[in-house]
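Peer 1: Let me begin by handing over the structure; questions about it come next.
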Amino acid sequence: MEPVKNRVTDLLKIKYPILEGGMAWVGTAKLAAAVSNAGGLGTIGSGSMDAKLLKKQIDSVREMTDKPFAVNVIMLNPHIDEVIDLIIQEKVPVAILGAGNSSKYIPMLRENGITTLGVVSSENLAKRLENAGAEGIIGEGMECGGHIGDVTTMVLIPRLSSMLSVPVIAAGGIANGPGAVAALSLGAEGIQMGTRFIATYECEAHENYKEKIISAGIRDTIITGQKMGHPARIIKTKFGKKIAKLEASSPEEAEEALVGSLMKAFLYGDEESGSFMAGQSAGLIEEIKSVNEVIEDIMSYILKNYDLEKNIDKGRR
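Right under this line is the structure:
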C-alpha cells in the first residue's frame, strides 16, 4: 500500500498513522521495532525503568529497525528526570508523555529536536499540553487498558479535535478497521493501539497473556485501583476480583498486592498474582496475528471505507 500523507505521518515521519501504545513491560524493543518496520510508530514503554535499563532498550530497537520509534514516559516514573535526559542524549525521534501533567518536560524536549506528544484523558490537560508545545495530542478514552481516565473515546476525541490546533490521535477501544474509521470520523488524524498489539507473534508477553486477550469478551475487564487514586483496567481474573474486594476493606493491602503484578503477568502468565492489563477491545480480538498483518488489515479497511483527504483538508485549514 502507498504511504498515507497527513499531519500525523508527516510529523512522525511514518508510513501509516498508527501508533503502538506505551505499555510498561509489554512495550519491548522487539515489539516496537516490529511496529515501526510495518509502517507505524513503535513505542518502548519505559514504565518505571531507570536510564540504564532504557538505554539497553533504545540500543536494541536501533539494532532491529532504522525507522522512527518512540519512548513512552509516565510522570509516575521515579527516574523521570534521568529518563528525559537520556531521551535527549540519545536523540530518540519521538517522546510520548503520559499519566499526568507533562508540561514542564515538553519545552526542553522540543528545544533538543525531539518530537513530543502528550497523552490525555481530559480537555483541560490537552489544552495545557498544547500550550506547552506538544506537537500532537493522544486522546485516550476510558475503554483503554492500563491506567485510565473517566471519559469515553466517543466523547473525548470529537471534543479534542474541535478545540485543538495540533493533530489528535485516538486511543482506547480501537482494535480493527471499523474502530479506526470511527476514530477518524470523530476527528482524529491517527490511532493508537495497545491491546491489539499484545495479541501478536512479535509481542514477548507470556502465552497466557495473549490467550486471555483472544478469549475475552467485551465485558471481561475490571477496573482496579480506583480507591487508591490510580485506576487501571485489567482482564477479569480471580486476582482482579480479589483486588477489587481488598480495595473496599484494606486499600493498603490491595496496593501491596498490586506491586509487581504486571511483571508477573507479562513474564510468567501468573493468574494467581498477575495483572493482565488490557482494554475493552480485547473482546474484539479473536486471533493472534503478526504485527504486519494487524497494520495492513486496518489500513486496507481504512482506505476502502474512509476518505483520508478529509483529514488532509482539515490539517490545511
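All residue numbers for the sequence shown refer to UniProt numbering, where the first residue is 1 and numbers rise by one. All C-beta atoms in this analysis are idealised placements derived from N, C-alpha and C, irrespective of residue type, glycine included. Only a predicted model underlies this, so the values are computations on that prediction, with no experimental measurement involved.
State buried or exposed for Gly-141, treating a residue as buried only when at least 16 other CB atoms are found within 10 Å of its CB.
Peer 2: In the sequence shown, residue 141 corresponds to position 141, counting from 1. Classification of Gly-141: buried, given that the 10 Å Cβ count is 16 or more.
Peer 1: On a Cα-Cα basis, can you pick out the residue from Ala-24, Met-1, Lys-5 that is closest to Gly-260?
Peer 2: Residue numbering aside, residue 260 sits at position 260 when the sequence shown is read from its first letter. Gly-260 has its Cα closest to that of Ala-24, out of Ala-24, Met-1, Lys-5.
Peer 1: Taking just the CA atoms, how far does Glu-253 sit from Asp-81?
Peer 2: To locate residue 81, count along the sequence shown from 1; it is residue 81. To locate residue 253, count along the sequence shown from 1; it is residue 253. Answer to the nearest angstrom: the Cα atoms are 30 Å apart.
Peer 1: By DSSP, does Ala-265 sit in helix, in strand, or in coil?
Peer 2: Within the sequence shown, residue 265 is the residue found at index 265, counting from 1. Here Ala-265 sits in helix by DSSP.
Peer 1: Mind pulling the beta strand (DSSP E) runs of 3 or more residues that sit fully within the stretch 142 to 212?
Peer 2: If we require 3 residues or more, the beta strand (DSSP E) runs fully inside the stretch 142 to 212 come out as 168 to 171, 190 to 193.
Peer 1: Does Gly-274 come out as helix, strand or coil in the three-state DSSP assignment?
Peer 2: Here residue 274 refers to the residue found at position 274 when the sequence shown is read from its first residue. Three-state result, Gly-274: coil.
Peer 1: Under DSSP, the beta strand (DSSP E) around Gly-136 begins and ends at which residues?
Peer 2: Along the sequence shown, one-based indexing puts residue 136 at 136. Gly-136 -> beta strand (DSSP E) spans 136 to 140.
Peer 1: Using alpha carbons as the reference points, say which of Thr-28, Ala-32, Ser-36 lies closest to Ile-14.
Peer 2: On the sequence shown, residue 14 is found 14 positions in, with the first residue counted as 1. Out of Thr-28, Ala-32, Ser-36, Ser-36 has the C-alpha closest to the C-alpha of Ile-14.
Peer 1: Just reading off the alpha helix (DSSP H) that Glu-247 is part of, what are its end residues?
Peer 2: For the purposes of this step, residue 247 is taken as the residue at position 247 of the sequence shown. Start and end: 238 to 249.
Peer 1: So, for Gly-217: in the same chain, excluding its five sequence neighbours on each side, which residues have a beta-carbon less than 7 Å away from its beta-carbon?
Peer 2: Along the sequence shown, read from residue 1 onward, the residue named residue 217 stands at position 217. The residues are Gly-283.
Peer 1: From the DSSP output, read off the bridge partner residues of Ile-87.
Peer 2: Taking the first residue of the sequence shown as position 1, residue 87 is located at position 87. Answer is none; Ile-87 lacks a bridge partner.
Peer 1: What's the call for Arg-317, buried or exposed, on a 16-neighbour Cβ count within 10 Å?
Peer 2: As a first step, residue 317 must be located in the sequence shown, where it is residue number 317. In this prediction, Arg-317 has a pLDDT of 39, which is less than 50 and means its spatial position is unreliable; nothing more can be read from the coordinates.
Peer 1: Going by Cα to Cα distance, which pick from Ile-243, Glu-211, Gly-146 is closest to Gly-47?
Peer 2: Within the sequence shown, residue 47 is the residue found at index 47, counting from 1. Of the listed residues, the one whose Cα sits closest to Gly-47 is Gly-146.
Peer 1: Cα-Cα, which of Ile-44, Gly-100, Asp-270 is closest to Ile-148?
Peer 2: Here residue 148 is taken as the residue at index 148 of the sequence shown, counted from 1. Ranking Ile-44, Gly-100, Asp-270 by Cα distance to Ile-148 puts Gly-100 first.
Peer 1: Taking just the CA atoms, how far does Ile-174 sit from Gln-280?
Peer 2: Against the sequence shown, residue 280 aligns to sequence position 280. Against the sequence shown, residue 174 aligns to sequence position 174. Distance between the alpha carbons of Gln-280 and Ile-174 is about 9 Å.
Peer 1: For Lys-212, I'd like the list of residues in its chain whose CB is within less than 7 Å of its CB, leaving aside the five on either flank, ordered along the chain.
Peer 2: Translated into the one-based positions of the sequence shown, residue 212 becomes position 212. Counting only Cβ-Cβ distances below 7 Å, and skipping sequence neighbours, we find Ile-235, Phe-276.
Peer 1: Can you give me the C-alpha to C-alpha distance between Arg-233 and Ala-244, rounded to a whole angstrom?
Peer 2: For the purposes of this step, residue 233 is identified with residue 233 of the sequence shown, where counting begins at 1. For the purposes of this step, residue 244 is identified with residue 244 of the sequence shown, where counting begins at 1. Roughly 11 Å separates the two Cα atoms.
Peer 1: Exposed or buried, Asp-270, counting other C-beta atoms within 10 Å across all chains shown (16 or more means buried)?
Peer 2: The count along the sequence shown starts at 1 and reaches residue 270 at position 270. Counting Cβ neighbours within 10 Å, Asp-270 comes out buried, since at least 16 surround it.
Peer 1: Grab me the residues of Tyr-105's own chain with a C-beta within less than 7 Å of its C-beta, minus the 5 sequence neighbours each way, in chain order.
Peer 2: As a working mapping, residue 105 is identified with position 105 in the sequence shown. So the qualifying residues of the chain are Ile-84, Leu-97.
Peer 1: May I have a chain-ordered list of the alpha helix (DSSP H) segments no shorter than 4 residues that lie completely inside the stretch 61 to 110?
Peer 2: If we require 4 residues or more, the alpha helix (DSSP H) runs fully inside the stretch 61 to 110 come out as 80 to 89.
Peer 1: On a Cα-Cα basis, can you pick out the residue from Leu-109, His-79, Pro-78, Ser-103 that is closest to Val-92?
Peer 2: Position 92 of the sequence shown, counted from the first residue, corresponds to residue 92. Here the closest residue by C-alpha is Leu-109.
Peer 1: Quick check on Arg-233: does DSSP put it in helix, strand or coil?
Peer 2: Working through the sequence shown from its first residue, we reach residue 233 at position 233. In the structure shown, Arg-233 sits in a strand (DSSP, three-state: E or B).
Peer 1: Does DSSP put Thr-9 in a helix, a strand or coil?
Peer 2: For the purposes of this step, residue 9 is identified with residue 9 of the sequence shown, where counting begins at 1. Three-state DSSP puts Thr-9 in a helix.
Peer 1: Spell out a yes or no on whether the stretch 291 to 306 and the stretch 153 to 160 are touching, meaning 3 or more CB-CB pairs, one atom from each, closer than 8 Å.
Peer 2: No: fewer than three Cβ pairs fall under 8 Å.
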